[in-house]
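S.K.: Using my numbering, you'd call the opening residue of the sequence shown number 3 and step up by one each time. A virtual CB, placed ideally from N, CA and C, is assigned to each residue, including glycine. Sharing a structure below in structure tokens format, with a few things to ask.
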Amino acid sequence: MPGRMTLRESPIVLIGPGKWGEALCQTLLENLGKGHPVFRLDAEDSWDMAFRTPPLCLSAVPFEATQSILQQLKPYKIAGLVNASKGIDRKTLLTFTSLAKKLRAPSATLSGPTFAQELAERRPTACVVASQDRAFAKSVAEIFSTSFFRPYVGSDPIGVEVCGAIKNVLAIACGISDGMNLGMNARAALLTRGLKEMEILAKQMGGKTASVYGLAGVGDLWLTATGDLSRNRQFGVQLTSAKSVDEARARVTGPVEGLYTVAQVHQIAKRKKLDLPISEQIYRICYMQQDPKKALHELMARKVRSES
């Protein structure tokens, strides 16, 4: 397959050139050379020119646009597609790998504790590149690897994708906890029990426990739930003082993925009868006007049970 043999030589097509996509693209050029052909698809009329030679596509669009991007890629021959977005599809309740099955090219998901700003500043960063095609994942990891960016190869893309989606929901919870000044004990408890919810959801959707305790799981959760650069954490903090969810959302610049993902997590939990109490309370706060103080009371008043 051409993507396995000539990936280093393939042009790069960047879809969704925001801060995250641009930081990844510049990291790629560290290896491929500054003169390597890169097409940024922010204009409809640039598509035909970008696909004259089968490119490696890097998608960093908000996840809700993923279905549209896959549809637009169908007519073109590509060397492969790397997904760098996090979320669950609203209509199908599937993650990227399941959505990309009909794509006639290998695909992979790049995920982990990766703030775009720090990667752009060339600060040490690690991630995982996960694919059902291990050779493709290895090739992608190799061309991304630099002195400051360390990709690991993974074979559980669905687990990686589920972790990347629900960690944004849990980051909102930690933001609420910090906004209410509940303390570090509360944050530690939320992170630990949230990790359990991540494990339950990942396994139910076909992922592996190992991914939960790797970079895409615990690593990304810790970063997003505690880092000041996290939009989802900021949104959670704002929820404790804003008059409405819309007001809290307006105070945060950029996408707040967890606000949308929590609706899909709620649907999956309801359909599969999963016990995800933290995620459920975030859903109620965001979509049912639940007061954060009442949410806290309901979490603390749950029946005593075994930790495991």
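Are at least three pairs of beta-carbons, each pair with one atom in the region 18-35 and one in the region 137-153, less than 8 Å apart?
M.R.: In short, these stretches touch, since the Cβ pair count reaches three.
S.K.: Taking 8 Å as the threshold (C-beta atoms), are residue 75 and residue 59 in contact?
M.R.: Sequence index remark: in the sequence shown, residue 59 carries index 57 (1-based). Sequence index remark: in the sequence shown, residue 75 carries index 73 (1-based). Yes, Cβ-Cβ distance for residue 59 and residue 75 is below 8 Å.
S.K.: So for residue 310, helix, strand or coil by DSSP?
M.R.: The residue labelled residue 310 in the question sits at position 308 within the sequence shown. Coil at residue 310, not helix or strand.
S.K.: Let's test the definition: count the other Cβ atoms within 10 Å of the Cβ of residue 226 and tell me whether it reaches 16, buried, or not, exposed.
M.R.: For the purposes of this step, residue 226 is identified with residue 224 of the sequence shown, where counting begins at 1. By the neighbour-count rule (16 or more Cβ atoms within 10 Å), residue 226 is buried.
S.K.: Specify, as a first and last residue, the run of the alpha helix (DSSP H) that residue 262 falls within.
M.R.: Stepping through the sequence shown from its first residue, residue 262 is reached at position 260. From DSSP, the alpha helix (DSSP H) with residue 262 extends over 259-274.
S.K.: On the CB-based measure, 16 or more other CB atoms within 10 Å of its CB, does residue 295 come out buried or exposed?
M.R.: Residue numbering aside, residue 295 sits at position 293 when the sequence shown is read from its first letter. Residue 295 is exposed by the Cβ-count criterion.
S.K.: Kindly give me the distance between the Cβ atoms of residue 187 and residue 88, rounded to whole angstroms, as I take these residues to be in contact under 8 Å.
M.R.: Taking the first residue of the sequence shown as position 1, residue 187 is located at position 185. Taking the first residue of the sequence shown as position 1, residue 88 is located at position 86. That belief does not hold up - the Cβ atoms of residue 187 and residue 88 are roughly 28 Å apart, past 8 Å.
S.K.: For the region 152-165 against the region 201-215, are there 3 or more C-beta pairs whose distance is under 8 Å?
M.R.: Output reads yes: the region 201-215 touches the region 152-165.
S.K.: Rounded to whole angstroms, what's the CA-CA distance from residue 48 to residue 41? Just pull it up for me.
M.R.: Reading the sequence shown from its first residue, position 46 is the one you call residue 48. Reading the sequence shown from its first residue, position 39 is the one you call residue 41. About 8 Å.
S.K.: Between 231, 246 and 242, which lies nearest to residue 255 when the distance is taken from Cα to Cα?
M.R.: Mapped onto the sequence shown, residue 255 falls at position 253. Residue 255 has its Cα closest to that of 231, out of 231, 246 and 242.
S.K.: Indicate whether residue 165 and residue 102 have their beta-carbon atoms separated by less than 8 Å.
M.R.: For the purposes of this step, residue 165 is taken as residue 163 along the sequence shown, with counting starting at 1. For the purposes of this step, residue 102 is taken as residue 100 along the sequence shown, with counting starting at 1. Cβ distance not < 8 Å, so residue 165 and residue 102 don't count as in contact.
S.K.: I'd like the list of long-range same chain contacts for residue 244, defined as Cβ closer than 6 Å, with 5 residues on each side in sequence excluded.
M.R.: Taking the sequence shown and counting its residues from 1, one reaches residue 244 at position 242. If we look at residue 244 and ignore the five residues flanking it on each side, its Cβ neighbours are 250.
S.K.: In chain order, which continuous runs of the beta strand (DSSP E) of length 3 or greater are located wholly inside the region 18-94?
M.R.: DSSP runs (the beta strand (DSSP E)) wholly in the region 18-94: 40-42, 58-61 and 82-85.
S.K.: Taking C-beta to C-beta, are residue 223 and residue 261 nearer than 8 Å?
M.R.: As a working note, residue 223 is residue 221 in the sequence shown. As a working note, residue 261 is residue 259 in the sequence shown. Not in contact: residue 223 and residue 261 (Cβ atoms no closer than 8 Å).
S.K.: Is the region 124-132 touching the region 52-71, taking contact as three or more C-beta pairs under 8 Å?
M.R.: The region 124-132 vs the region 52-71: no contact.
S.K.: Check each candidate in 90, 178, 241 and 130 and name the one with the smallest Cα separation from residue 212.
M.R.: Indexing the sequence shown from 1 puts residue 212 at position 210. Looking at the Cα atoms, 130 is the closest of the given residues.
S.K.: With a Cβ-Cβ cutoff of 8 Å, do residue 68 and residue 91 count as a contact?
M.R.: Taking the first residue of the sequence shown as 1, we reach residue 68 at position 66. Taking the first residue of the sequence shown as 1, we reach residue 91 at position 89. In contact: residue 68 and residue 91 (Cβ atoms closer than 8 Å).
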